[in-house]
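One point on numbering: in full-length UniProt numbering, the residue at position 104 of the sequence shown is 104, and numbering is uninterrupted.
Where a beta carbon is used, it is the ideal one built from N, C-alpha and C, also for glycine.
Structure first, commentary second.
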Amino acid sequence: MSSLFTNISEVVTPTLGAKRGRAMRDLTVTRDAAMLVEGGRVVWIGARKDAPIGHAERDLGGVAVVPGLVDPHTHLVWAGNRLADFEARTSGVTYEEILRRGGGIRSTAAATRAASEEALVASSRPRLTALAASGATTIEIKSGYALDVDGELKMLRAIGALRDSSRVTVTPTLLLHVPQGDRSAYLRDVCEPLVEIAAREGLAEAVDVFCEREAFTVEETARLFDAARRAGLRVKLHADQFHAIGGTKLACDARASSVDHLEASGSAEIRLLAESSTVATILPGVSLHLGLPSAPGRALVDAGAVVAVGTDANPGSSPLLSAPLALALAVRLNGLTPSEALTAGTVNAAAALDLHDRGALAPGCKADFLALRSDDWRDLVYILGASPVRDVFVNGEVLEA
Ligand code: NIG
Ligand code: FE
């Protein structure tokens, strides 16, 4: 089955592969374009007048086309809500204080532990549908809201059920979020068995750890990374969200796929990321929602890091279910240019997930792409509050809402 997509004002894409630093600005633009898709892959892109003949034509109505977005960091599966925390924060209680008092992540964990796998799938599916409809065609989803062995495995199975029933790509990550009780017993009896079981049963592709004063120490994170490596899983890290306590150095030394957050990163962390292949994933929804400083996106790009953007969709720090809005915020809050933001949300985000066949539109790439509501691709990161995306295509077929 082949389709020739025609009447495209412009196809705008980075080239395949992670881009570092100012190279994130280099986009390939084909005007008055056509694109041939066969078997779910792009086979040809060029000017309409040069298009191969003999294929069924699909007229896209004169709009711009960009690659499907990749969201490399979400916590889409949870139960309960954090509306009371939100209200408390508006009267001055901080996110960290709420976590210290046993609320925040721990209150989501109590609700998530109490929910069945089926209930988790049912309550999370509309969020996945919304994020996909926004333009995210590949979405990472983490566990991390149960904090015990059975509950985390239940979360991973719920993520697996979402993956198996969704047309967008879902990549599951085991998140070791906050320790409970006796810390070394928690690592030995909960975290390490979880890593081993998740790997053995194929429930996770990566292990993520929250390295922070109120969560895991650098030493504990190192031990968890060792367990993940022994089990054959990739590692990634939540680091420098509130305090730069050394997680970024550990992650770069461990060749982690990505270090995510970075709001509190300073020049030493920026340099480490610029010198490493670890992707620096920034999450502007958190800065907006918590009213806290933004990650130094501009400085990371200028230093030469591979920068990606994610939504961090979650109930506590980033209730953001739009991948284009995450990019739009990265332009406003983190100082990325529109071109850099597109690269951050496509090929660089794919690199953070170790996926190398997407995030770009070129022969051989997965035919995941977005038809915008505009003939100028920059509307993708310009429009706020209404969707700049008209149609989402996965493997060359439109994604029905
Ligand atoms: O990425 N920082 C830790 N984890 C999540 C927040 C989770 C929550 O507040 O529920 C984050 O911001
Ligand atoms: Fe997160």
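| query | Secondary structure at Pro293, three-state DSSP: helix, strand or coil? | reply | Within the sequence shown, numbered from 1, the residue matching residue 293 stands at position 293. Three-state result, Pro293: coil.
| field | DSSP beta-bridge partners of Glu57 | value | Position 57 of the sequence shown, counted from the first residue, corresponds to residue 57. Beta-bridge pairing links Glu57 to Leu4.
| request: Using a threshold of 7 Å, state whether the C-beta atoms of Pro172 and Leu156 are closer than that. | output: Within the sequence shown, numbered from 1, the residue matching residue 172 stands at position 172. Within the sequence shown, numbered from 1, the residue matching residue 156 stands at position 156. In this structure, Leu156 lies closer than 7 Å to Pro172 by Cβ.
| request: For Ser2, collect the residues of the same chain with a Cβ closer than 6 Å to its Cβ; drop the 5 residues on either side in sequence, then sort them by chain order. | output: Along the sequence shown, one-based indexing puts residue 2 at 2. Excluding positions up to five away in sequence, the list reads Glu38 and His55.
| Going by the beta-carbon positions, is the gap between Ile270 and Ala299 smaller than 7 Å? | Start at 1 with the first residue of the sequence shown, and residue 270 comes out as number 270. Start at 1 with the first residue of the sequence shown, and residue 299 comes out as number 299. The answer is yes: Cβ separation under 7 Å.
| query | Which two residues bound the contiguous beta strand (DSSP E) that contains Phe393? | reply | On the sequence shown, position 393 is the one that residue 393 refers to. Val389 to Val394 is the extent of the beta strand (DSSP E) around Phe393.
| query | Hey, would you say the C-beta of Asp71 is under 6 Å away from at least one heavy atom of the ligand FE? | reply | The residue you call residue 71 lines up with position 71 of the sequence shown. Every heavy atom of the ligand FE is 6 Å or more from the Cβ of Asp71, so no.
| Identity of the residue in Ala23, Ser134, Leu273 and Ala110 nearest Leu320 by Cα | Stepping through the sequence shown from its first residue, residue 320 is reached at position 320. For Leu320, the nearest C-alpha among the options comes from Ser134.
| said: Taking the beta carbon of Leu384 as the centre, do at least 16 other beta carbons fall within 10 Å, making it buried, or is it exposed? | reply: In the sequence shown, residue 384 corresponds to position 384, counting from 1. Exposed is the call here.
| request: Kindly list the residues whose CB is nearer than 6 Å to the CB of Gly359, restricted to its own chain and excluding five residues on each side of it in sequence; keep chain order. | output: Along the sequence shown, read from residue 1 onward, the residue named residue 359 stands at position 359. Counting only Cβ-Cβ distances below 6 Å, and skipping sequence neighbours, we find Pro67, Val70, Thr346, Val347 and Ala350.
| Should Asp240 be counted as a contact of the ligand FE given a C-beta to heavy atom distance under 6 Å? | In the sequence shown, residue 240 corresponds to position 240, counting from 1. No, the beta carbon of Asp240 sits no closer than 6 Å to any heavy atom of the ligand FE.
| CB of Asp312 to nearest heavy atom of the ligand FE: below 6 Å? | Position 312 of the sequence shown holds residue 312. Yes, Cβ of Asp312 sits closer than 6 Å to a heavy atom of the ligand FE.
| message | Between which two residues does the alpha helix (DSSP H) holding Leu131 run? | response | Looking up residue 131 in the sequence shown gives position 131. Looking at the DSSP string, the run of the alpha helix (DSSP H) that includes Leu131 is Glu117 to Ser134.
| query | From which residue to which residue does the beta strand (DSSP E) around Ala206 run? | reply | Your numbering for residue 206 matches position 206 in the sequence shown. Residues Ala206 to Phe210.
| task | Evaluate contact between the segment 45 to 59 and the segment 282 to 295, counting only Cβ atoms and requiring at least three cross-stretch pairs below 8 Å. | result | no
| message | Using the three-state DSSP reduction, which class does Phe225 fall into: helix, strand or coil? | response | Taking the first residue of the sequence shown as 1, we reach residue 225 at position 225. Look at Phe225 here: in three-state DSSP terms it is helix.
| field | Inside the segment 334 to 397 only - alpha helix (DSSP H) runs reaching at least 4 residues | value | 338 to 344 and 347 to 352
| task | Classify Lys236 as helix, strand or coil using the three-state DSSP reduction. | result | In the sequence shown, counting from the first residue as 1, residue 236 sits at position 236. In this structure, Lys236 counts as strand in the three-state DSSP scheme.
| said: Can you tell me whether Gly316 sits near the ligand NIG, meaning its C-beta is under 6 Å from at least one heavy atom of the ligand? | reply: Position 316 of the sequence shown, counted from the start, is the residue given in the question as residue 316. Yes, the Cβ of Gly316 comes within 6 Å of a heavy atom of the ligand NIG.
| said: Taking the beta carbon of Lys49 as the centre, do at least 16 other beta carbons fall within 10 Å, making it buried, or is it exposed? | reply: Along the sequence shown, one-based indexing puts residue 49 at 49. With fewer than 16 other Cβ atoms within 10 Å, it is exposed.
| For Asp71, the three-state DSSP class (helix, strand or coil) | Along the sequence shown, read from residue 1 onward, the residue named residue 71 stands at position 71. Strand, per DSSP.
| request: Return the bridge partner residues of Leu36 from the DSSP annotation. | output: Here residue 36 is taken as the residue at index 36 of the sequence shown, counted from 1. Answer by DSSP bridge pairing, in chain order: Leu4 and Trp44.
| query | Can you tell which of Arg223, Ser107 and Ala264 has its C-alpha closest to the C-alpha of Ala239? | reply | Taking the sequence shown and counting its residues from 1, the one referred to as residue 239 is at position 239. For Ala239, the nearest C-alpha among the options comes from Ala264.
| request: Have a look at the DSSP bridge pairing and note the partners of Asp26. | output: In the sequence shown, counting from the first residue as 1, residue 26 sits at position 26. DSSP, once it has assigned bridges, lists no residue as partnering Asp26.
| Do you know whose CA, among Trp78, Ala136, Gly104 and Thr138, lies nearest Glu118's CA? | The sequence position of residue 118 within the sequence shown is 118, counting from 1. It is Trp78.
| request: Work out the CA separation of Ala111 and Asp85 for me, nearest whole Å. | output: For the purposes of this step, residue 85 is taken as residue 85 along the sequence shown, with counting starting at 1. For the purposes of this step, residue 111 is taken as residue 111 along the sequence shown, with counting starting at 1. Going from the Cα of Asp85 to the Cα of Ala111 covers about 14 Å.
| query | Is Ile139 near the ligand NIG, with its Cβ less than 6 Å from a heavy atom? | reply | Walking along the sequence shown from the start, residue 139 turns up at place 139. Checking the Cβ of Ile139 against the ligand NIG gives no.
| said: Against chain B, does Leu174 count as a neighbour if the rule is that its beta carbon must be under 7 Å from one of theirs? | reply: The question asks about chain B, but that chain is absent: this structure has only one protein chain.
| Which residues in the same chain as Cys365 place their Cβ atom closer than 7 Å to its Cβ, once the five residues preceding and following it in sequence are excluded? | The residue given as residue 365 occupies position 365 in the sequence shown. Result list for Cys365: Leu16, Arg41, Val42, Asp357 and Arg358, in chain order.
| query | Are at least three pairs of beta-carbons, each pair with one atom in the segment 163 to 172 and one in the segment 197 to 209, less than 8 Å apart? | reply | yes
| field | Per DSSP, the bridge partner or partners of Ser318 | value | Within the sequence shown, the letter at position 318 stands for residue 318. DSSP, once it has assigned bridges, lists Asn314 as partnering Ser318.
| request: Tell whether a beta-carbon distance below 7 Å holds between Leu399 and Val389. | output: Along the sequence shown, one-based indexing puts residue 399 at 399. Along the sequence shown, one-based indexing puts residue 389 at 389. It is not a contact, given that the beta carbons lie outside the stated cut-off.
| Contacts around Arg20, its chain only, beta-carbon distance under 7 Å, and the 5 residues preceding and following it disregarded | Sequence index remark: in the sequence shown, residue 20 carries index 20 (1-based). Excluding sequence neighbours, Arg20 sits near Gly304, Ala305 and Val306.
| query | Are there 16 or more other CB atoms within 10 angstroms of the CB of Arg22, so buried, or fewer, so exposed? | reply | Within the sequence shown, residue 22 is the residue found at index 22, counting from 1. Around the beta carbon of Arg22, fewer than 16 other beta carbons lie within 10 angstroms, which makes this residue exposed.
| Backbone secondary structure at Ser9 - three-state DSSP | Taking the sequence shown and counting its residues from 1, one reaches residue 9 at position 9. Three-state DSSP puts Ser9 in a strand.
| task | Pair every Cβ in the segment 236 to 255 with every Cβ in the segment 185 to 196, then say whether three or more of these pairs are closer than 8 Å. | result | Touching, no, given that fewer than three Cβ pairs across the two stretches are closer than 8 Å.
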